[in-house]
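> Residue numbers (our numbering): 15 to 262.
Here a beta-carbon is modelled for each residue, glycine too, at the ideal position from N, C-alpha and C.
Predicted model, so just to flag it, every value in this text is computed and none were measured.
Quick one: this structure, given as structure tokens, is what I'll be asking you about.
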Amino acid sequence: STQHLFPQQKQQENEKALRLLSKRLQWLDGLEWSPRQEALVTSVLAGNMFDWGAQEVAQLMENTDFGFYEAPRPWLVDYLSQWMERLKGPPHKCAAIFVDNSGIDLVLGILPFARELLQRGTEVILCANSAPALNDVTHVELVGVLKQVAGICGVIRRGLEEGRLVAMETGQGGPCLDLSRLDQSLAAALQEKVDLVVIEGMGRAVHTNLHAVFTCECLKMAVIKNRWLANRLGGDMFSVICKYEPVR
15 STQHLFPQQK
25 QQENEKALRL
35 LSKRLQWLDG
45 LEWSPRQEAL
55 VTSVLAGNMF
65 DWGAQEVAQL
75 MENTDFGFYE
85 APRPWLVDYL
95 SQWMERLKGP
105 PHKCAAIFVD
115 NSGIDLVLGI
125 LPFARELLQR
135 GTEVILCANS
145 APALNDVTHV
155 ELVGVLKQVA
165 GICGVIRRGL
175 EEGRLVAMET
185 GQGGPCLDLS
195 RLDQSLAAAL
205 QEKVDLVVIE
215 GMGRAVHTNL
225 HAVFTCECLK
235 MAVIKNRWLA
245 NRLGGDMFSV
255 ICKYEPVR
């Protein structure tokens, strides 16, 4: 089982990321609206690079303390402009965000993105694995990280207090996402009020759901960290997928 390989590593990554969060949020808040929306998406993608479970990234991280990685646009799949255009419209009622890795990915990528949605008036459900798989964040870890972030960020703290930001478990333990087998209470929440689904990471957004069609809006964001998959999609290693799908 790989489930005992990562806890210490995850803990260190989370602590490192939490130390940088307040400064990162200040920087984001200082940006004009358009650059901020772009930075929030590129932060999710940059964060998604930091994955100890992907061999090539693990090597990169061992060799260099590389900063926030910026992939040149246009990306392999690039719907960032369409997503930003959508954000000029009314806020979503409720967003379900399926998270990927712990550490930088969650703390400096996903949480600032979720915070922006909360500030727009959107409720946010953060969905994490029930059981450990590689470097993926579990529900228990997510709840712990959110408690720590509440001490750093007022928007997150108020979201949690008011029940507008909740963590739910997917009922799954693998690095992929099988939407036909979700935890019942999450499935009910998705049907009841979710009008935006955000899926992050190669396993969840690309391996299993790149062509999945939703009855609500969907944003899929991932960095391809597997050579075979990159080749199959016609891109290189570390190609970026940012796919926004309006309601059909």
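Hey, how far is the Cα of C230 from the Cα of L247?
Numbered from its first residue, the sequence shown carries residue 230 at position 216. Numbered from its first residue, the sequence shown carries residue 247 at position 233. Taking the straight line from one Cα to the other gives about 25 Å.
> Across which residues does DSSP place N115 in a beta bridge pair?
Translated into positions along the sequence shown, residue 115 becomes position 101. Per DSSP, the beta bridge partners of N115 are D150.
> Where G123 and L35 are concerned, what is the direct C-alpha to C-alpha distance, given to the nearest angstrom?
Counted from its first residue, the sequence shown places residue 123 at position 109. Counted from its first residue, the sequence shown places residue 35 at position 21. Cα to Cα, G123 sits roughly 10 Å from L35.
> Please check if any C-beta of chain D sits within less than 8 Å of the C-beta of R195.
In the displayed structure, chain D is absent; only one protein chain is listed.
> Check each candidate in T56, G249, W41, I166 and name the one with the smallest Cα separation from E10.
No answer is possible for residue 10: it lies beyond the span of the chain, which begins at 15 and ends at 262.
> Please name the residue, chosen from S194, L243, M182, that lies closest to L90 on a Cα-to-Cα basis.
Sequence index remark: in the sequence shown, residue 90 carries index 76 (1-based). Comparing Cα positions, the closest option is L243.
> Alpha carbon to alpha carbon, how far is N77 from D150?
The residue given as residue 77 occupies position 63 in the sequence shown. The residue given as residue 150 occupies position 136 in the sequence shown. Summary for N77: the model assigns pLDDT 49, below 50, so the residue's position carries little reliability; its value from the coordinates is reported in the next sentence. So the alpha carbons of these two residues sit roughly 22 Å apart.
> Just to confirm before moving on: does the CB-CB distance between R134 and I170 stay below 8 Å?
One-based indexing of the sequence shown puts residue 134 at position 120. One-based indexing of the sequence shown puts residue 170 at position 156. Result no, Cβ atoms of R134 and I170 do not sit closer than 8 Å.
> Got a sec? Which residues, its chain only, sit under 7 Å from R241 by beta carbon, not counting five neighbours each side?
Stepping through the sequence shown from its first residue, residue 241 is reached at position 227. So the list reads M251, once near-sequence residues are dropped.
> What are the boundary residues of the alpha helix (DSSP H) that L196 is part of?
Numbered from its first residue, the sequence shown carries residue 196 at position 182. Premise fails: L196 is in no alpha helix (DSSP H) and is neither H nor E.
> Per DSSP, what kind of secondary structure is N143 in: helix, strand or coil?
Taking the sequence shown and counting its residues from 1, one reaches residue 143 at position 129. Looking at N143 - three-state DSSP - the assignment turns out to be strand.
> Report the CB separation of L191 from I213 in whole angstroms; it is logged as a contact under 8 Å.
On the sequence shown, position 177 is the one that residue 191 refers to. On the sequence shown, position 199 is the one that residue 213 refers to. At roughly 7 Å, the Cβ-Cβ gap stays under 8 Å, so L191 and I213 are in contact.
> Between which two residues does the alpha helix (DSSP H) harbouring V169 extend?
What you label residue 169 is simply residue 155 of the sequence shown in a count that begins at 1. For V169, the enclosing alpha helix (DSSP H) stretches over residues 168 to 176.
> What do you reckon, are the CB atoms on L125 and C256 nearer than 8 Å?
As a first step, residue 125 is located in the sequence shown; it is residue number 111 there, counting from the start. As a first step, residue 256 is located in the sequence shown; it is residue number 242 there, counting from the start. No, the pair does not count as a contact, with Cβ atoms beyond the cut-off.
> By Cβ distance below 7 Å, which residues in the same chain neighbour A142 in space, the five residues on each side in sequence not counted?
Sequence index remark: in the sequence shown, residue 142 carries index 128 (1-based). Correct list, in chain order: V113, V151, T152, H153, L156, A181, E183, T184.
> Taking the continuous beta strand (DSSP E) assigned at A226, which residues delimit it?
Locating residue 226 in the sequence shown gives position 212, where the first residue counts as 1. Judged by DSSP secondary structure, A226 falls outside any beta strand (DSSP E); it is assigned neither H nor E.
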